[in-house]
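Scroll down for the structure; my scribbles are underneath it.
Numbering (our numbering), first residue to last: 651 to 813.
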């Protein structure tokens, strides 16, 4: 039995690039990080009323858990992600892995704790302006834009892409 992996995506911090498909981005994350693991969780947190309708539909098509958090307080989405990551670590423990897609420094204490106390393998996918303090909390780190830059552009016809 393969160890579990969970993806926790702060989509407001690492947004789907204009013209790219959310399905393709989710599949890229799965292809890059899931080798040797089984998918146990794939969570995207956002205010669905503020997100592009096509992106929301594509995330649903990608079979991810889309959690709506109203943008009433500044860090509401971050709090939901932190809670979800801690719950994942409590349920699965070592030798599980977590992929956090965010560059928000507010995640540093949680990642550090999960990595060193819970022995969870931490993979950080971050934006280009990420703090070194957050990067040092991870076992591995990658720049989000580098992962998605080679994805084809979305064609407005359903199910087709152009290069």
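We put the CB at the ideal spot given by N, CA and C, even for glycine. Treat the numbers as computed from the prediction; the structure is a model and nothing was measured.
Once the 5 residues before and after residue 745 are set aside, which same chain residues still bring their CB inside 8 Å of it? Same-chain partners within the cutoff: 653, 769 and 771.
Do you know how far the Cα of residue 683 is from the Cα of residue 703? The alpha-carbon atoms of residue 703 and residue 683 are separated by roughly 27 Å.
Residues near residue 762 by beta carbon distance below 7 Å, same chain, minus five either side: Excluding sequence neighbours, residue 762 sits near 787.
Taking the beta strand (DSSP E) that residue 740 belongs to, which residues open and close that run? Under the DSSP assignment, residue 740 falls outside any beta strand (DSSP E), being part of the alpha helix (DSSP H) whose first and last residues are 726 to 742.
For residue 697, which residues from the same chain have a beta carbon less than 7 Å from its beta carbon, with the 5 sequence-adjacent residues on both sides left out? 718, 719, 720 and 721, listed in sequence order.
Presumed contact (8 Å Cβ cut-off) between residue 778 and residue 795, rounded CB distance: That belief holds up - the Cβ atoms of residue 778 and residue 795 are roughly 6 Å apart, short of 8 Å.
Cutoff 8 Å; reference residue 785; Cβ partners in own chain excluding five residues on either side: Only 774, 776 and 791 meet the Cβ criterion.
Report the option in 728, 712 and 749 whose CA atom is closest to the CA atom of residue 765. Ranking 728, 712 and 749 by Cα distance to residue 765 puts 749 first.
CB-CB under 6 Å to residue 671, same chain, minus the five flanking residues each way: which ones, in chain order? Excluding positions up to five away in sequence, the list reads 708 and 804.
What is the rounded straight-line gap between the Cα of residue 657 and the Cα of residue 691? The straight-line gap from Cα to Cα measures roughly 6 Å.
When the Cα atoms are used, what is the spatial distance from residue 693 to residue 738? Cα to Cα, the separation comes out at about 11 Å.
Let me confirm a value: residue 661 is counted as buried when at least 16 other C-beta atoms fall within 10 Å, else exposed. Which label applies? With 16 or more other Cβ atoms within 10 Å, it is buried.
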